[in-house]
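J.:
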Amino acid sequence: MERIESPKNPKIKAWKKLHTKRGREKSVLFFIEGRHLIEEALKANLPFVELIIREGEEMPKEWKAADVKPVEVTARVMKELSETETPQGFAAVCELPENVNIPLETGQFLFLDRIQDPGNMGTIIRTAHAAGVTGIAYSEGTADPYNSKVIRSTQGSLFHIPVQKMDLQEAIALCKENGVPVFGTSFDGSTYSAIEPQQKFALLLGNEGQGIDEELLAQTDHNLYIPLYGGAESLNVSVAAGILLYHLKVV
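See the structure below:
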């Protein structure tokens with residue numbers, strides 16, 4: 361087994377670059393940490409490039425299915441690589457999915473317009489996966505799905521649902537061509553409970569501070585809002601995603 365003891369090792373330097381969007385895009389790779397995320401990536405049959413194990417840890421037998429030789433690193437090196445306060449002892453480098461294509465013909469979709477907070481982005485992806493959404497399209501200005509905080513917030517759901525960067529105007533137009541109703545979120549709309557669950561739909565959610573771009577909002581078939589019965593000014597966008605997705609979905 362290869363062993364790395366220095367944080368200055370070229371491999372360590374290359375792996376650290378995967379913590380940046382530019383580094384991921386340039387290498388077409390991404391970095392994950394922790395046993396659970398690695399197991400979810402294996403379940404999704406993601407292509408593994410490196411499997412990194414801290415000294416003293418033992419690789420689970422079932423991980424050998426990844427057919428990647430593990431690299432052992434010292435505790436110091438793992439701490440250097442990790443973006444968490446307490447490294448879990450396992451990490452991996454995987455290939456970024458290519459040619460993700462969400463067929464906007466029939467299904468239940470989520471469109472994200474400039475969701476900027478990585479925690480919100482990750483929670484929304486996890487919620488969409490739990491709700492059985494067909495796919496997620498996101499606009500320019502949205503948090504990168506392969507940002508490490510987003511990945512951790514998804515708890516591995518990112519590996520099991522198609523997530524594609526798209527021009528949302530084009531995505532909405534395709535939905536309309538295919539008879540998929542598009543629901544926006546706006547206080548100028550109607551309460552969400554006025555809408556019956558749908559066999560197919562696209563739900564559009566907007567930026568945490570600015571909401572949905574006005575041009576996109578003008579293209580929707582219907583705009584919904586969630587009543588605020590207390591004194592709160594608004595709901596967190598990931599909470600709104602859960603309420604609306606589960607209401608709109610036909611079980």
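Mapped onto my numbering, the consecutive letters of the sequence shown carry residue numbers 361 to 611.
From the three backbone atoms N, C-alpha and C, an ideal C-beta is built for every residue, glycine too.
Since the structure is predicted, the reported quantities are computational estimates derived from the model, not experimental observations.
(1) Which residue or residues does DSSP assign as beta-bridge partners of P430?
(2) Does any residue of chain B bring its CB to less than 8 Å from the CB of L584?
(3) Provide the residue span of the alpha helix (DSSP H) that contains A452, from first to last.
(4) In this structure, how does DSSP classify L588 when only helix, strand and coil are distinguished?
(5) So who's on the other strand from N567, going by DSSP bridges?
(6) In the DSSP assignment, what residue or residues form a beta bridge with L534?
(7) Count the other C-beta atoms from every protein chain shown that fall within 10 angstroms of the C-beta of L594, then say buried if there are 16 or more, exposed otherwise.
(8) According to the neighbour-count rule (16 or more other Cβ atoms, all chains shown, within 10 Å of its Cβ), is V610 buried or exposed?
(9) How big is the Cα-Cα spacing for I462 and M526?
(10) Give every residue of the same chain whose Cβ lies closer than 7 Å to the Cβ of P370, excluding the five residues on either side of it in the sequence, and list them in chain order.
(11) In the structure shown, what three-state DSSP assignment does R329 receive?
(12) A562 to I412, Cα distance in whole Å?
(13) For A554, which three-state DSSP category applies?
(14) Starting from the C-beta of S517, find all residues in its chain whose C-beta is less than 7 Å away, skip the five residues before and the five after it, and write them out in chain order.
(15) Give me whichever residues DSSP pairs with L472 in a beta bridge.
(16) Taking only the alpha-carbon atoms, compute the straight-line gap between G501 and V493 and give it to the nearest angstrom.
(17) Could you tell me whether the region 448-461 touches the region 563-575, where touching means 3 or more Cβ pairs closer than 8 Å?
(18) Determine, using beta carbons only, whether F471 and A497 come nearer to each other than 8 Å.
(19) In chain order, what residues of the same chain lie with their CB nearer than 6 Å to the CB of M419, ignoring the 5 residues before and after it?
(20) Does the Cβ-Cβ distance between L564 and D473 come in under 8 Å?
(21) Would the beta-carbon of I521 fall within 8 Å of that of V597?
T.: Per the coordinate set shown:
(1) For the purposes of this step, residue 430 is taken as the residue at position 70 of the sequence shown. Paired residues: L411.
(2) Of the protein chains in the structure, only one exists, and it is not chain B.
(3) The residue given as residue 452 occupies position 92 in the sequence shown. Counting along the chain, A452 falls outside any alpha helix (DSSP H), though it belongs to the beta strand (DSSP E) covering 450-455.
(4) Indexing the sequence shown from 1 puts residue 588 at position 228. It is coil, neither helix nor strand.
(5) In the sequence shown, residue 567 corresponds to position 207, counting from 1. DSSP lists G571 as partners of N567.
(6) The residue labelled residue 534 in the question sits at position 174 within the sequence shown. In DSSP, L534 forms no bridge with anything.
(7) In the sequence shown, residue 594 corresponds to position 234, counting from 1. Per the sequence shown, the amino acid found at residue 594 is Ser instead of Leu. Counting Cβ neighbours within 10 Å, S594 comes out exposed, since fewer than 16 surround it.
(8) For the purposes of this step, residue 610 is taken as the residue at position 250 of the sequence shown. Label assigned to V610: exposed.
(9) As a first step, residue 462 must be located in the sequence shown, where it is residue number 102. As a first step, residue 526 must be located in the sequence shown, where it is residue number 166. If I take the Cα positions, the gap works out to 10 Å.
(10) Here residue 370 corresponds to residue number 10 of the sequence shown, with the count starting at 1. Cβ within range, chain order: n/a, list empty.
(11) A query on residue 329 cannot be resolved here, the shown segment of the chain reaching from 361 to 611 and no further.
(12) Within the sequence shown, the letter at position 202 stands for residue 562. Within the sequence shown, the letter at position 52 stands for residue 412. One C-alpha to the other measures close to 39 Å.
(13) Your numbering for residue 554 matches position 194 in the sequence shown. Reduced to three states, the DSSP call for A554 is helix.
(14) Along the sequence shown, one-based indexing puts residue 517 at 157. If we look at S517 and ignore the five residues flanking it on each side, its Cβ neighbours are I485, R486, H489.
(15) For this step, residue 472 is matched to residue 112 along the sequence shown. Partner(s): Y498, L565.
(16) For the purposes of this step, residue 501 is identified with residue 141 of the sequence shown, where counting begins at 1. For the purposes of this step, residue 493 is identified with residue 133 of the sequence shown, where counting begins at 1. Going from the Cα of G501 to the Cα of V493 covers about 22 Å.
(17) no
(18) Here residue 471 is taken as the residue at index 111 of the sequence shown, counted from 1. Here residue 497 is taken as the residue at index 137 of the sequence shown, counted from 1. Taking 8 Å as the Cβ cut-off, F471 and A497 qualify as a contacting pair.
(19) Taking the sequence shown and counting its residues from 1, one reaches residue 419 at position 59. Once the five neighbours on either side are set aside, the close Cβ partners of M419 are I413, P430.
(20) Residue numbering aside, residue 564 sits at position 204 when the sequence shown is read from its first letter. Residue numbering aside, residue 473 sits at position 113 when the sequence shown is read from its first letter. Going by C-beta atoms, L564 is nearer than 8 Å to D473.
(21) Position 161 of the sequence shown holds residue 521. Position 237 of the sequence shown holds residue 597. Not a contact, by the Cβ cut-off of 8 Å.
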